[in-house]
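Residue numbers (the numbering used here): 8 to 67.
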């Protein structure tokens, strides 16, 4: 576990700010977003989803 922690501390993610958006939503809002195909993330578009017990963060 200690090796994983050290590796994650060294890891960086760089994105082009003009290309991506970071959106933070409450879990219940994220569920409603997924129910609507007109606004939910497309599988053809690059995106990442991070979720914890408080919120869902989308990088689109």
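A virtual CB, placed ideally from N, CA and C, is assigned to each residue, including glycine.
Is residue i buried or exposed, if buried means 16 or more other CB atoms sit within 10 Å of its CB?
i, result
"residue 63", "buried"
"residue 57", "exposed"
Do residue j and residue i count as a contact pair if the criterion is CB distance below 9 Å?
i, j, result
"residue 48", "residue 65", "yes"
"residue 28", "residue 67", "yes"
Once you ignore the five residues that flank residue i on each side, which residues in its own chain have a CB closer than 6 Å to its CB?
i, result
"residue 30", "65"
Hey, quick one: how far does the alpha helix (DSSP H) through residue i stretch, first residue to last?
i, result
"residue 37", "34-42"
"residue 51", "Premise fails: residue 51 is in no alpha helix (DSSP H) and is neither H nor E."
Please name the residue, chosen from the options, that lies closest to residue i on a Cα-to-Cα basis.
i, options, result
"residue 55", "20, 12, 11, 9", "20"
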